[in-house]
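Asks: First, the structure itself, so that you have it in front of you.
Numbering (this note's numbering), first residue to last: 15 to 280.
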């Protein structure tokens, strides 16, 4: 269930998203990596320990590991990486069907001599390509900059952190795929995607303000994967990675099944 022509056409239509997102995200990660030599100094780490714990947790900052490049990149850099890549992933997922309906191209695309499942999966494959390329370039930019200006003791840990964030971003895409057949406007899909990711971020941030509301983090996809354990070298959060992948696959195939049976207006 894959159509090369639809895949290439969707990839061509997504070329600006790929270019802009890759450049912005790679430059942002390079900037974060470039600041690592300054923020990993002992005096700055000591200053961080005086900050409210809720503020530190909002940006995934653990002062105990901030003295290393890996610890710094596991903090605010990781949060921004997932935030941006997650928004792009959710927007692409939610616009899979909504864009065609909004641009009045649904009749031409959805009546091709190809099954609807093949159309959906082919478009999703192009989205996966865009998200993957952006993630790889961001990882490369952070490591190259890190090696140039700082001491990167464990590049493998940094790569694993970005891989974890990539999986969380795919989970956001899965939510978008699950919703796309119910949307008839590309602008609505975009707004809902941005809103969902920001709400998810806010829930995760607010959960650290008090023990009594820590449970709200369970409603956030940002809470799926704790990359600070990777930065410490303890282990890879396999359960969180598996759940992220399952959310993506469930949303993808669930959205595909709904789309294959739903009457989509031209």
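Don't be surprised by glycine CBs; every beta carbon is placed ideally from N, CA and C.
(1) When you compare the CB positions of residue 184 and residue 197, do they come within less than 9 Å of one another, or not?
(2) Measure the alpha-carbon distance for residue 246 versus residue 255 and round it to whole angstroms.
(3) For residue 109 and residue 137, I'd like the C-alpha separation in whole angstroms.
(4) Determine the extent of the alpha helix (DSSP H) in which residue 86 is found, giving its start and end residues.
(5) Less than 9 Å between the C-beta atoms of residue 199 and residue 116, yes or no?
(6) Looking at the structure shown, is residue 92 part of a helix, part of a strand, or coil, going by DSSP?
(7) Report the start-end ranges of each alpha helix (DSSP H) in the stretch 105-185 that is 4 residues or longer and not cut off at the edges.
(8) Look at the alpha carbon of residue 29 and the alpha carbon of residue 57, and state the distance between them as a whole number of angstroms.
(9) Heavy atom of the ligand NAP less than 8 Å from the Cβ of residue 151, yes or no?
(10) In the DSSP assignment, find the unbroken alpha helix (DSSP H) run with residue 61 in it and report its ends.
(11) Please name the residue in 31, 237, 241 whose C-alpha comes closest to that of residue 171.
(12) Buried or exposed: residue 209, going by 16 or more other Cβ atoms within 10 Å of its Cβ?
(13) For my contact list, residue 273 and residue 135 are in at a C-beta cut-off of 8 Å; report their separation, rounded to the angstrom.
(14) Let's see if you can read the secondary structure: which residues bound the alpha helix (DSSP H) around residue 248?
(15) Ignore the nearest five residues each way along the sequence and tell me which others in residue 98's own chain have a CB closer than 6 Å to its CB.
(16) Do three or more CB pairs link the stretch 164-183 to the stretch 78-97 at distances below 8 Å?
(17) Would you report the Cα separation of residue 257 and residue 160, rounded to the nearest angstrom?
(18) When you compare only the Cα positions, how much space is there between residue 194 and residue 32?
(19) Which value, in whole angstroms, describes the spacing of the CA atoms of residue 252 and residue 234?
(20) Mind checking which residues open and close the alpha helix (DSSP H) that includes residue 23?
(21) Beta carbon of residue 236, beta carbon of residue 102: below 9 Å?
(22) Tell me whether residue 273 sits in a helix, a strand or coil according to DSSP, three-state version.
(23) Check residue 240 in the structure and name its three-state DSSP category.
(24) Which first and last residues belong to the alpha helix (DSSP H) in which residue 50 is found?
(25) Among the residues of its own chain, which have a CB less than 6 Å from the CB of residue 169, if the five just before and after it don't count?
(26) Can you tell me which of 177, 189, 78, 133 puts its alpha carbon nearest to the alpha carbon of residue 146?
(27) CA-CA distance, residue 151 and residue 179?
(28) Taking its Cβ as the centre, do 16 or more other Cβ atoms sit within 10 Å of residue 232, making it buried, or is it exposed?
(29) Using 8 Å for Cβ pairs, my map puts residue 105 next to residue 204. What's the rounded Cβ distance?
Replies: This is what the structure holds:
(1) no
(2) 17 Å
(3) 10 Å
(4) 83-86
(5) yes
(6) helix
(7) 120-124, 130-163
(8) 44 Å
(9) For the structure depicted, the ligand NAP is absent and the ligand set is empty, with no information on it obtainable.
(10) 56-62
(11) 241
(12) exposed
(13) The Cβ separation is near 10 Å, so there is no contact.
(14) Careful: residue 248 lies outside any alpha helix (DSSP H) and carries neither H nor E.
(15) 39
(16) yes
(17) 30 Å
(18) 20 Å
(19) 18 Å
(20) 18-27
(21) no
(22) helix
(23) coil
(24) 50-53
(25) 157
(26) 177
(27) 13 Å
(28) exposed
(29) 5 Å
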